[in-house]
Each structure stands twice: as C-alpha cells, then as structure tokens.
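Novice: Can you keep this structure in mind? I'll have questions shortly.
Residue numbers (the working numbering): 2 to 159.
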C-alpha cells in the first residue's frame, strides 16, 4: 500500500476519532438546561439518536477508508470536507450545550451540512452503495440544523 493511501486512511480515522470524542465531551442532553427547553414538535424520539449516530460514525469510517484507498483526487475533497464538517458539528455541540446559544449553533450545523455535500458527491463517484450509505448523515445534519433553529425560535431566552 502506498504511503499516501496510509496517510489518508489515518487522517480519516483521526478526524473521526476527534468527532466521536469531541461529541462525547460536549453533548449533554441530560442536563437541566437542555431538559428545560421547549422542544420542536418534529424532534425524533431519543432512541433514534442512539441508532443513527453509531451508523453515521461507522459509515464515515468505512466510506472514508474506501475512498482513501481507491480514489486519487476524491480523497482530497473527502478529507477536507470531512474535517470542515466536523469543525461545524463540534462547534454546534459547544455552542448549543456549553454556551447555550441555540441560534448560533444552528448556523454551525448549517455549515457542517453544507460541508458534507461534497463528501456525499465523492462517495457517489466512488460507487452507488457508498453514496447511499452517506445520505443518512447528510439528512441527519439537515434535520439537526432545523432542530437547532427550532430550539432557537421556541426558546428565545436561551
């Protein structure tokens, strides 16, 4: 295996690890502030969150590794977009749960979703299965963006 492939696989897994650890540090859905917020009516049940995130993290790892190993130009777009998407997603977690600013967090998630679009395009260029596997992540970020905006609208005092 060429060194560049190893570097891209490693970079993808490092970005993923930062995402997983960072999310775990800042997401606090059990604290009193969060429980006291009025929730948007379209928020899925808590069990959905527990199902979608392991899937999303697994697909980010698997599809990212496949792209790193098999695409030459697409892997640059993938890793750059992935890193930016993670910055946006972690900014959301920090802004929403730590700073308690839902409106600002919605903008961070919108940025993350926008940065994910090139990832999905690269995944589809790799193959149909990889592209379809990445769609739930993009859809989830869009839903999360709408939820953050909903929290901001329903809780202007937050």
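Think of the CB as a built atom: it goes at the ideal place given N, C-alpha and C, for glycine as much as any other residue.
Please look up how many angstroms separate the CB atoms of residue 94 and residue 24, rounded, as I've assumed it's under 8 Å.
Specialist: Confirmed, Cβ separation roughly 6 Å.
Novice: Restricting to Cα atoms, I'd like to know which of 153, 110, 88, 127 is closest to residue 18.
Specialist: The shortest Cα separation from residue 18 among 153, 110, 88, 127 belongs to 88.
Novice: Using alpha carbons as the reference points, say which of 92, 127, 122, 115 lies closest to residue 72.
Specialist: Nearest of 92, 127, 122, 115 to residue 72, Cα basis: 127.
Novice: Any contact of the region 63 to 78 with the region 113 to 129, i.e. 3+ C-beta pairs under 8 Å?
Specialist: Taking 8 Å as the limit for Cβ pairs, the verdict is that the region 113 to 129 does touch the region 63 to 78.
Novice: Given this structure, state the Cα-to-Cα distance separating residue 9 from residue 143, to the nearest angstrom.
Specialist: Straight-line Cα distance between these residues: approximately 27 Å.
Novice: To the nearest angstrom, how far is the alpha carbon of residue 22 from that of residue 104?
Specialist: Their backbone Cα atoms lie some 24 Å apart in a straight line.
Novice: If you follow the alpha helix (DSSP H) that residue 98 is part of, which residue opens it and which one closes it?
Specialist: Run containing residue 98: none; DSSP gives neither H nor E here.
Novice: Quick check on DSSP: helix, strand or coil for residue 47?
Specialist: In this structure, residue 47 counts as helix in the three-state DSSP scheme.
Novice: With a 10 Å radius around its C-beta and 16 neighbouring C-beta atoms as the bar for buried, classify residue 11 as buried or exposed.
Specialist: It is exposed - the Cβ of residue 11 has fewer than 16 other Cβ atoms within 10 Å.
Novice: Can you have a look at residue 228 and say buried or exposed, based on whether 16 or more other CB atoms are within 10 angstroms of its CB?
Specialist: Residue 228 lies beyond the stretch modelled for the chain, which goes from 2 to 159, so this question has no answer here.
Novice: Can you tell me which of 152, 100, 154, 60 puts its alpha carbon nearest to the alpha carbon of residue 135?
Specialist: Comparing Cα-Cα distances from residue 135 to each of 152, 100, 154, 60, the minimum goes to 60.
Novice: Taking the CB atoms as reference points, tell me whether residue 91 and residue 6 lie closer together than 8 Å.
Specialist: No, the pair does not count as a contact, with Cβ atoms beyond the cut-off.
Novice: Under a Cβ-count criterion, where at least 16 other Cβ atoms within 10 Å of its own Cβ denotes burial, should residue 110 be classed as buried or exposed?
Specialist: The residue in question, residue 110, is buried, as its Cβ has 16 or more Cβ neighbours within 10 Å.
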